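The structure is reproduced here in structure tokens:
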């Protein structure tokens, strides 16, 4: 028996590696990486998702109510309750009426009488009023508890349009207002010719070139859909060339000549400025005087 230290070994562990305690590593998912990269917290994102779901639910509930008619029934019931509380249309106030028939305005607006203020279709009332050619604009408002206020903006007649034997008042844009008879023609220029009314803005711009002559113009005829003849209160006719700029230059030149030599009111019947190099004048025909027979 030998002396010394004796190392005791465990037969079961002989030849096997010793176990070591390994630390578990948590894997980070791709979604977590995105959340960490965003400038918001996870709690904020969850809150946003929650409100988003609430919004989807509300929109869905509203859509269902809309398609099943629940919203309309609720609105109608509210409008009826408002009417029962005294908010019904009892009065109509109209302002701005001058030339048109005021009774027609009341007739259209009073169709809303005894209705709840909430049920009054403001847009429909306006559309009905705008069918009248004299009305340029109409503004309708509610004045609680029981009054509809109607403000009318009328068109201003600027000329008389004559075509195919018919006469119509038109505004400065050429918009037809109403037909009139020959004995109803007001003190306004008479515009003659097919679609001549559409040329009124162009004619106005032309006359602005010669402000001294403009008040003397009593009529204008649109010739061949290409140029103007102007009629003056002294009885003369002025034939202008084609083209806006060319016509404006000719009218300005005529105004200068009239200012120097007083062309109007001197017995000339017709001035023709269609030729850019010269002007043509036409005098009235001479009246032949027959000799008296000898007695």
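Residue numbers (my numbering): 10 to 304.
Think of the CB as a built atom: it goes at the ideal place given N, C-alpha and C, for glycine as much as any other residue.
Computed from a predicted model, the values in this text were never measured in an experiment.
Query raised in the report: Between the stretch 180 to 194 and the stretch 141 to 156, do three or more beta carbon pairs fall short of 8 angstroms?
Result: Look at the beta carbons and you see the stretch 180 to 194 touching the stretch 141 to 156: at least three pairs across the two are nearer than 8 angstroms.
Query - Which of helix, strand or coil DSSP assigns to residue 291 - result: The sequence position of residue 291 within the chain shown is 282, counting from 1. If DSSP states are grouped into helix, strand and coil, residue 291 belongs with the strands.
Query raised in the report: Exposed or buried, what is residue 118 when buried is set at 16 or more other beta-carbons lying within 10 Å of its beta-carbon?
Result: Residue 118 sits at position 109 when you count from the first residue of the chain shown. Burial call: buried.
Report task. Would you list the residues sitting across from residue 97 in a DSSP beta bridge? Result -> Here residue 97 refers to the residue found at position 88 when the chain shown is read from its first residue. According to the DSSP secondary-structure assignment, residue 97 is paired through a beta bridge with 125.
Requested in this report: Taking 8 angstroms as the threshold, find out whether the stretch 120 to 134 comes into contact with the stretch 166 to 181 through three or more Cβ pairs.
Outcome: Two segments are said to touch when three or more pairs of C-beta atoms, one from each, lie closer than 8 angstroms; by this definition the stretch 120 to 134 does not touch the stretch 166 to 181.
Query raised in the report: Grouping DSSP H, G and I as helix and E and B as strand, with all else coil, what is residue 172?
Result: Working through the chain shown from its first residue, we reach residue 172 at position 163. If DSSP states are grouped into helix, strand and coil, residue 172 belongs with the strands.
Requested in this report: State the Cα-Cα distance for the pair residue 208 and residue 290, rounded to the nearest angstrom.
Outcome: Mapped onto the chain shown, residue 208 falls at position 199. Mapped onto the chain shown, residue 290 falls at position 281. Looking at the two C-alpha atoms, the distance is approximately 27 angstroms.
**Report entry** Cutoff 8 angstroms; reference residue 111; Cβ partners in own chain excluding five residues on either side
**Finding:** Your numbering for residue 111 matches position 102 in the chain shown. So the qualifying residues of the chain are 103.
Query - Exposure of residue 153, with buried meaning 16 or more beta-carbon neighbours within 10 Å - result: Taking the chain shown and counting its residues from 1, one reaches residue 153 at position 144. So residue 153 counts as exposed.
Requested in this report: In the DSSP assignment, find the beta strand (DSSP E) that holds residue 185 and state where it starts and stops.
Outcome: Taking the first residue of the chain shown as 1, we reach residue 185 at position 176. Start and end: 185 to 189.
Query raised in the report: Can you find at least 3 beta carbon pairs, one from the stretch 272 to 290 and one from the stretch 244 to 263, that sit closer than 8 angstroms?
Result: Touching, yes.
Query raised in the report: Could you check where the alpha helix (DSSP H) with residue 113 kicks off and where it finishes?
Result: Here residue 113 refers to the residue found at position 104 of the chain shown. The continuous alpha helix (DSSP H) containing residue 113 extends over residues 111 to 118.
Query raised in the report: Mind checking whether the beta-carbon of residue 172 lies closer than 6 angstroms to any heavy atom of the ligand ADP?
Result: In the structure on display, the ligand ADP does not appear, and there are no ligands present to speak of.
Query raised in the report: Going by the beta-carbon positions, is the gap between residue 190 and residue 107 smaller than 7 angstroms?
Result: In the chain shown, counting from the first residue as 1, residue 190 sits at position 181. In the chain shown, counting from the first residue as 1, residue 107 sits at position 98. In this structure, residue 190 keeps its C-beta atom at 7 angstroms or more from the C-beta atom of residue 107.
Requested in this report: Return the chain-ordered list of same chain residues with a C-beta closer than 6 angstroms to the C-beta of residue 237, the five sequence neighbours on each side being excluded.
Outcome: Residue 237 sits at position 228 when you count from the first residue of the chain shown. For residue 237, where only same-chain residues beyond five positions count, the Cβ hits under 6 angstroms are 229, 249.
**Report entry** Nearest-angstrom Cα separation, counted from residue 252 out to residue 231
**Finding:** Mapped onto the chain shown, residue 231 falls at position 222. Mapped onto the chain shown, residue 252 falls at position 243. Distance from the CA of residue 231 to the CA of residue 252, rounded to the nearest whole angstrom, comes to 12 angstroms.
Query raised in the report: Hey, residue 205 and residue 264: beta-carbon distance below 7 angstroms or not?
Result: Here residue 205 refers to the residue found at position 196 when the chain shown is read from its first residue. Here residue 264 refers to the residue found at position 255 when the chain shown is read from its first residue. The answer is no: Cβ separation not under 7 angstroms.
**Report entry** Environment of residue 180 [buried if 16+ CB atoms lie within 10 Å]
**Finding:** Locating residue 180 in the chain shown gives position 171, counting from the first residue. By the neighbour-count rule (16 or more Cβ atoms within 10 Å), residue 180 is buried.
Query raised in the report: With a CB to CB cut of under 7 angstroms and the five nearest residues on each side skipped, what residues in its chain are close to residue 138?
Result: Working through the chain shown from its first residue, we reach residue 138 at position 129. Taking C-beta separations shorter than 7 angstroms and ignoring five residues to either side along the sequence, the partners of residue 138 in its chain run 114, 117, 144, 147, following chain order.
Report task. Verify whether the separation of the beta carbon atoms of residue 225 and residue 241 is less than 7 angstroms. Result -> Walking along the chain shown from the start, residue 225 turns up at place 216. Walking along the chain shown from the start, residue 241 turns up at place 232. For residue 225 and residue 241, yes; Cβs fall inside 7 angstroms.
Query raised in the report: What does residue 237 pair with, by DSSP beta-bridge criteria?
Result: Counting from one through the chain shown, the residue named residue 237 turns up at place 228. According to DSSP, residue 237 bridges with 231.
Requested in this report: Indicate whether residue 132 and residue 97 have their beta-carbon atoms separated by less than 7 angstroms.
Outcome: For the purposes of this step, residue 132 is taken as residue 123 along the chain shown, with counting starting at 1. For the purposes of this step, residue 97 is taken as residue 88 along the chain shown, with counting starting at 1. Between residue 132 and residue 97, the gap from beta carbon to beta carbon reaches 7 angstroms or more.
Report task. Check residue 102 in the structure and name its three-state DSSP category. Result -> Numbered from 1 along the chain shown, position 93 holds the residue referred to as residue 102. Residue 102: strand per DSSP, three-state reduction.
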